[in-house]
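*Asks:* Counting in UniProt numbering, the sequence shown runs from 33 upward without gaps.
C-beta atoms are modelled at their ideal positions from N, C-alpha and C, and glycine is treated no differently.
Take a look at this one; I'll ask things after.
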Amino acid sequence: SEAQAGLYSAVDQVLVLDADSVSRIFNASSAFMVEFYATWCGHCSAFAPVWKNLASDVSEWKPAVDMAALDCADENNRRVCTGFGITGYPSIKFFPAYSGEDFTGESLREFPRDVRGLRRLIIDKLESHKEPSPPACPPLEPASAAEIDGFFENNNVQHLALVFEENNSYVGREVILDLLQYENITVRRVLSSEKDLVSRLGVTDFPSCYLYYTPTNYSRLPVLSEARAFYSYALQRLPSVVRAGRPYPAINDLQRNQTEEPWREFNRTRVYMSDLESALHYSLRVELSAHSTISGDALTALRHYVSVLTKYFPGRPAVKGALKAVGNWLQDQKETQISYSDFRTALDSTVLSGEGVLPAGVRWVGCQGSRPQFRGYPCAVWTLFHVLTVEANASGSTDPLEILQAMREYVSSFFGCRPCASHFASMAQDVSDDVTTPSTAVWWLWSRHNRVNSRLAGEPSEDPHFPKIQWPPPELCPKCHGLMLGGEHTWNKDEVIAFLRNYFSSERILPDYLQ
Ligand code: FAD
């Protein structure tokens with residue numbers, strides 16, 4: 033597709049500009065950081081991962097500053113690039129909010145080539161932004177004792193978070209921007225030189241974060257590490273702190289009216305067999321039934337999918353029996369095309385032969401949504417494939433790509449959410465380069481799932497009761513989280529793999545609510 037032609041695609045949080053859409057950076061209520069690149073330029077392809085990572089790192093800042101890229105190698109964009117005075121690649125320009133159409137942007141020469149350096153550059157640009165500044169950009173300057181004292185009189189928010197830090201630290205401003213889309217909380221930075229406040233609260237560590245509930249009631253924010261990622265995560269998850277414009281997730285949302293299914297209590301840190309069986313039912317009996325005949329790549333996809341299910345689905349004997357029977361039936365089919373109704377007959381014939389049965393109907397447990405349009409099947413698809421990668425790993429499979437390829441093919445041929453399928457296809461392009469061992473397959477699927485989570489956070493499809501986070505959060509797996517020198521958050525790869533292998537292992541799957 034067109035968006036894939038350059039170095040960026042729809043799965044990145046970078047706005048892909050062209051000659052027609054470039055006007056979006058003018059008269060916008062947010063500032064823009066725009067990269068001008070050429071697809072053929074080696075430095076540009078080397079820099080693209082940094083620009084993508086930066087865009088996802090600052091995705092919460094979008095209302096104040098957005099990230100874009102424009103491919104000057106595309107002939108249709110030539111005149112635009114000439115107009116901006118671009119002569120070398122990659123070039124980065126800053127466009128303040130409300131820039132007029134005649135403005136060619138402020139060139140950022142000698143810009144840093146790493147996420148942290150670029151993120152700081154963005155903050156510097158926002159701090160020196162002339163009026164009118166982006167309306168969504170909160171105050172970034174240090175707060176004084178007087179301001180803090182008058183805060184609750186002048187503001188109607190429930191929480192005030194103070195990040196105490198040294199003058200040259202960026203953590204406070206990063207957290208302020210990370211929270212800009214959230215209501216009911218204000219974040220300010222306080223410098224270590226603000227002696228009054230420092231001694232009043234007894235602050236000894238810089239950085240550290242304190243939370244005021246009332247003008248006189250405050251406490252230190254408990255976090256795994258004193259760093260941006262942990263402060264932002266903890267503050268975004270405070271009770272009554274919600275994304276602007278989203279309904280407050282009230283607990284009684286979960287008590288349905290009588291025509292809806294009753295809410296099933298469940299443990300949010302466990303995997304439920306009922307979700308996995310429901311996913312199988314939905315995929316084999318509903319999703320596939322949209323295809324009256326199946327041939328070619330789709331038939332190959334179906335064969336691979338059923339093959340990994342028969343090998344690795346850690347189900348009840350009856351379900352495994354049904355999968356095995358349909359797997360055998362598929363193997364016997366020598367024609368280049370099958371009909372769905374024959375497939376379905378084979379799947380359900382096992383009821384009579386006593387070989388086993390896949391329960392009919394869906395019963396979501398860990399994948400329940402607070403509303404019928406949320407969660408359910410896609411949640412269970414992710415869960416199913418995480419379980420399969422872990423199971424393949426545990427059973428000593430020697431082909432690291434077996435599950436991921438089956439998933440890629442299934443999603444591409446059958447997954448009903450077509451935009452999801454094309455996003456997943458572009459994320460999975462280089463899977464065979466990245467995945468060389470069964471444990472990296474587990475890691476790979478986890479990391480792609482987190483990329484999707486990052487892209488979907490705050491979207492209307494997000495269930496407010498199940499916000500999209502970078503998973504697992506610190507409280508679920510403290511050891512998974514680490515800090516690099518300089519305070520950047522990092523995932524401890526071995527710990528994450530160990531965590532996933534336990535979390536999705538067959539022994540831990542709960543049988544509650546099975547039909
Ligand atoms: P899900 O993201 O479905 O996750 C289910 C459960 O898995 C979570 O509750 C959590 O316990 C666990 N989990 C969360 N993150 C991870 C992780 N990184 N590793 C392991 N386990 C984790 N929706 C769109 O709107 N646009 C898309 O482009 C899109 N693409 C998709 C592609 C695929 C292949 C799939 C299967 C789904 C896609 N979806 C997409 C749907 C979306 O990802 C969610 O599945 C859906 O919004 C339901 O979200 P959820 O809150 O139930 O959590």
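1) Let me know the secondary structure DSSP gives Glu-441 once reduced to three states.
2) The beta strand (DSSP E) with Val-97 in it runs from where to where?
3) Write down every uninterrupted run of the alpha helix (DSSP H) in the stretch 184-243 whose length is 4 residues or greater and which is fully enclosed by it, in chain order.
4) Write down the C-beta distance between Gln-400 and Arg-296 rounded to the nearest angstrom, noting that I regard them as a contact closer than 8 Å.
5) Of the residues Leu-334, Thr-218, Glu-258, which one's Cα is nearest the Cα of Asn-188?
6) Please classify Lys-125: does DSSP put it in a helix, a strand, or coil?
7) Name, in chain order, the residues that DSSP records as bridge partners for Met-65.
8) In chain order, what are the residue ranges of uninterrupted alpha helix (DSSP H) at least 4 long that sit wholly in the stretch 279-367?
9) For Tyr-545, name the three-state secondary structure that DSSP assigns.
10) Between Leu-515 and Ser-201, how many whole angstroms is the CB-CB distance? I'm expecting something under 8 Å.
11) Consult DSSP for Ser-373 and reduce its assignment to one of helix, strand or coil.
12) Whose C-beta lies closer than 7 Å to the C-beta of Gln-36 among residues of the same chain, with five residues either side of it excluded?
13) The beta strand (DSSP E) spanning Ser-165 covers which residue range?
14) Could you pull out every residue in the same chain whose Cβ sits closer than 8 Å to the Cβ of Ala-51, ignoring the five residues on either side in sequence?
15) With DSSP as the reference, label Leu-47 as helix, strand or coil.
16) Can Leu-488 be considered in contact with the ligand FAD, in the sense that its beta carbon sits closer than 7 Å to one or more heavy atoms?
17) Considering only the beta carbon of each residue, do Val-351 and Ala-259 sit closer than 8 Å?
18) What's the gap between the Cα of Leu-320 and the Cα of Ser-53?
19) Within 7 Å: the Cβ of Trp-396 and any heavy atom of the ligand FAD?
20) What first and last residue would you give for the beta strand (DSSP E) that runs through Leu-253?
21) Go through its chain and collect everything with a Cβ distance to Arg-152's Cβ below 6 Å, but skip five positions before and after it.
22) From Pro-167 to His-497, what distance separates their C-alpha atoms?
23) Let me check understanding here. Comparing Cα to Cα, which of Leu-331, Asp-462, Gly-490, Pro-470 lies closest to Arg-480?
24) Is it buried or exposed, Gly-393, if we count other Cβ atoms within 10 angstroms and call 16 or more buried?
25) Looking at Tyr-130: is its Cβ nearer than 8 Å to the Cβ of Asn-59?
26) In angstroms, rounded to a whole number, what distance separates the CA positions of Asp-146 and Val-82?
*Replies:* This is what the structure gives:
1) helix
2) 97-103
3) 203-210, 227-233
4) 6 Å
5) Thr-218
6) strand
7) Met-99, Phe-126
8) 305-313, 328-344, 349-364
9) coil
10) At roughly 14 Å, the Cβ-Cβ gap does not stay under 8 Å, so Leu-515 and Ser-201 are not in contact.
11) helix
12) Below a pLDDT of 50, predicted positions are generally treated as unreliable, and Gln-36, at 49, falls in that range; the measurement from the model is reported next regardless. Once the five neighbours on either side are set aside, the close Cβ partners of Gln-36 are Ser-458.
13) Per DSSP, Ser-165 belongs to no beta strand (DSSP E) and is neither H nor E.
14) Asn-108, Asn-109, Arg-111, Val-112
15) strand
16) yes
17) no
18) 38 Å
19) no
20) Segment: none, Leu-253 is in no beta strand (DSSP E) and carries neither H nor E.
21) Tyr-202
22) 28 Å
23) Asp-462
24) exposed
25) yes
26) 6 Å
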